[in-house]
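Residue numbering for the sequence shown follows the working numbering, starting at 5 and increasing by one per position.
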Amino acid sequence: MPPHTQSQRRSRAGRHDDNEDPPRRRQSRRNNESDDPDDSEEDQDGDVSMERAGSGADDQLIKKLVRYALACEYARIPIKRDGIRDKVLGSNPRSFRRVFEGAQAQLQRVFGMEMLELPVKEKRTLKEKQKANARKASSQSTTSSRQYILVSTLPREYKSQSVIVPSRIPSSPEEAAYVGFYTMVISLIILNGGELSDTKLRRYLTRLNASQNLPMDKTDNVLQKIVRQGYVDKVVEKHDGDDDAVTWCIGPRGRVEVPPESIAAVVTQVWGELPNDFHQKLQRSLGVQEIRQPQVEDSIAEE
């Protein structure tokens, strides 16, 4: 074969190979472009799964906080914010607001209750007031107690003795007697101007035969219990060479659970036949302008 013929065939074959390269390159580009949507879909699926995992973790923390709040209220101890961080949130302290709001919604929807912040405990003795003033001068102290209790959110028509009955633990009679005792003690303190001496309180309890009528324990032990649970405060001021001055005041839980309406209901039931100016005098004694007239079916103390 002549040499020029071989060279022509080689040149044609080279041009043919060059024409085949672009489709291959275009095909590889298409393959690369076709991989990009899959990668983006995988990224989106990853984001959704992470969001679901985050919401699932919050749901578990919300359930844990609800159980913690119910356990604290069963023992009548305050729900402390530090306790929520330590026993509920653990390594997720930044999710406090989100978890707290979720627990509030679940408590209201399922149990008809909510967490209410307790008022700050008052400084009554001279030493307590001096410490509080020194703390304010050294740093900016907050007015928050950082403690909560569970209160009922039921409408007024459901807050009656026929609906809200005493707890069966330890027994209904003992629980009813206990609620009636601390409600009576708080009422006596409020009607005496917010403070009551130990001598005067003992005189009232003697007239009520508290030592015989309390089925659960001795009077002193029950008084210690209502102090421990925050219904009342026992203020002891020591004097050199003299006996200690003991004064009884209202505690943070007592202010929330036994409002003026409950005290008015107790006084009305105990008084019997009411004089014409009874409600006006009761309002002045309680330091309020108007009191909702208690109904017979209203519960004495709100649980």
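Glycine included, C-beta positions come from ideal geometry on N, C-alpha and C.
Quick one: Cα of residue i to Cα of residue j, how far?
i: P219; j: E178; result: 6 Å
i: D221; j: F185; result: 12 Å
i: I153; j: L286; result: 28 Å
i: L205; j: R101; result: 43 Å
i: T223; j: S215; result: 6 Å
i: N172; j: Q165; result: The question names Asn, but residue 172 in the sequence shown is Arg. Their backbone Cα atoms lie some 14 Å apart in a straight line.
i: L200; j: R85; result: 32 Å
i: D244; j: D202; result: 19 Å
i: K127; j: I194; result: 17 Å
i: R211; j: C76; result: 34 Å
i: G197; j: K229; result: 23 Å
i: R283; j: S99; result: Just to set this straight, residue 283 is His in the shown sequence, not Arg. Looking at the two C-alpha atoms, the distance is approximately 48 Å.
i: R89; j: L227; result: 32 Å
i: I254; j: G60; result: 42 Å
i: P82; j: Q151; result: 6 Å
i: Q273; j: S95; result: 52 Å
i: D62; j: N225; result: 42 Å
Find out if the Cβ-Cβ distance for the pair residue i, residue j is shorter than 7 Å.
i: L111; j: S149; result: no
i: P264; j: G234; result: no
i: L74; j: G116; result: no
i: V231; j: K242; result: no
i: T147; j: V124; result: yes
i: D248; j: V240; result: yes
i: L120; j: V169; result: no
i: V92; j: Y72; result: yes
Classify residue i as buried or exposed, calling it buried when 16 or more other Cβ atoms lie within 10 Å of its own Cβ.
i: P279; result: exposed
i: E161; result: exposed
i: V262; result: buried
i: A269; result: buried
i: P97; result: exposed
i: Q64; result: exposed
i: W252; result: buried
i: G258; result: buried
i: P174; result: exposed
i: Q108; result: buried
i: Y78; result: exposed
i: V114; result: exposed
i: S176; result: exposed
Considering just the uninterrupted stretch of the alpha helix (DSSP H) at residue i, what are its terminal residues?
i: A214; result: A214 to N217
i: M188; result: S176 to L195
i: T157; result: Counting along the chain, T157 falls outside any alpha helix (DSSP H), and DSSP gives it neither H nor E.
i: L227; result: T223 to R232
i: L120; result: L120 -> not in any alpha helix (DSSP H); beta strand (DSSP E) instead, spanning M117 to E121.
i: V274; result: P264 to W275
i: V103; result: F100 to Q110
i: V260; result: P256 to E261
i: L290; result: F282 to L290
Quick one: give me the first and last residue of the beta strand (DSSP E) that residue i is part of.
i: V167; result: Per DSSP, V167 belongs to no beta strand (DSSP E) and is neither H nor E.
i: V240; result: V236 to E241
i: I81; result: Element bounds for I81: n/a, residue is neither H nor E.
i: S201; result: E199 to S201
Within the same chain, show all residues whose beta-carbon is closer than 7 Å to that of residue i, passing over the 5 residues directly before and after it, in chain order.
i: V70; result: A107, Q110 and L111
i: K68; result: V92
Leaving aside the five residues before and after residue i along the sequence, list all residues of the same chain whose C-beta is less than 8 Å from its C-beta, in chain order.
i: V271; result: S191, L195 and L286
i: E294; result: Q287
i: L290; result: I194, L195, P264, I267 and A268
Within the same chain, show all residues whose beta-carbon is closer than 6 Å to that of residue i, passing over the 5 residues directly before and after it, in chain order.
i: E105; result: none
i: V250; result: D202 and V240
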